[in-house]
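Visitor:
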Amino acid sequence: MRESAKKFFSGLHQTYLKPKGYKKVRQTFSRAVGDYTERVQFQGSAFNDSSRPCRFYINFGVEFHDLRPRVPCRDFPETHCWTRIEAIFPGVPSQYDLPDESVADFTEHIATLLASASDSVAQRIQVIRQSYAETKSSRLTIPK
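In structure tokens:
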């Protein structure tokens, strides 16, 4: 991983996410919220190389504490259901390029987006749980 990406993830965690209770493991941030854990995973693009900006996708998921782990669980470990951030907020980019400049503004923007996603999921968590229990689908659906 590039040094700029390491600094971005560390800054995002230290400044915005850790104070809200998130723990960091590589590029996944998790925190317990009542009877579930929310997870944010930054998935690097398969096409990342040193000639282009670091590109990533944002996955948002939940794990219900009282349900058995999903098997198999390769795509987003320890998470019952998840989706990309643009499914929660249609119209936001599906991918993000880490800028060379204005990283602090970019980090604040991502932190604000994550806080809004957390709020949106929290407002609908019982419906999400029921949908998962009925379908056992790993795709997080957030009914309107």
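Whatever position you read off the sequence shown (first residue = 1), add 59 for our numbering.
Backbone N, C-alpha and C fix where the C-beta goes; we use that ideal spot for every residue, glycine too.
1. Tell me, to the nearest whole angstrom, how far the beta carbon of S63 is from that of C113; I am working on the premise that it is less than 8 Å.
2. Under the rule that 16 or more other beta-carbon atoms within 10 Å means buried, what is Q189, buried or exposed?
3. Whose CA, out of Q185, E97 and S161, lies closest to the CA of E122?
4. Using the C-alpha atoms, what's the distance from F115 back to S149?
5. At the level of alpha carbons, what is the spacing between A192 and S109?
6. Please work out which residues of its chain come closer than 7 Å, Cβ to Cβ, to D134, disregarding the five sequence neighbours upstream and downstream, and give them in chain order.
Guide: According to the structure data:
1. Stepping through the sequence shown from its first residue, residue 63 is reached at position 4. Stepping through the sequence shown from its first residue, residue 113 is reached at position 54. Right, the Cβ-Cβ distance comes to about 7 Å (below 8 Å), so this counts as a contact.
2. As a position in the sequence shown, residue 189 is number 130, starting the count at 1. Classification of Q189: exposed, given that the 10 Å Cβ count is below 16.
3. To locate residue 122, count along the sequence shown from 1; it is residue 63. Cα-wise, what sits closest to E122 is E97.
4. Residue mapping note: residue 149 aligns to position 90 of the sequence shown, counting from 1. Residue mapping note: residue 115 aligns to position 56 of the sequence shown, counting from 1. Ser is not the amino acid found at residue 149; the sequence shown has Pro there. Near 17 Å, if we compare the C-alpha coordinates of F115 and P149.
5. Sequence index remark: in the sequence shown, residue 192 carries index 133 (1-based). Sequence index remark: in the sequence shown, residue 109 carries index 50 (1-based). Distance between the alpha carbons of A192 and S109 is about 43 Å.
6. Within the sequence shown, the letter at position 75 stands for residue 134. So the list reads S197, once near-sequence residues are dropped.
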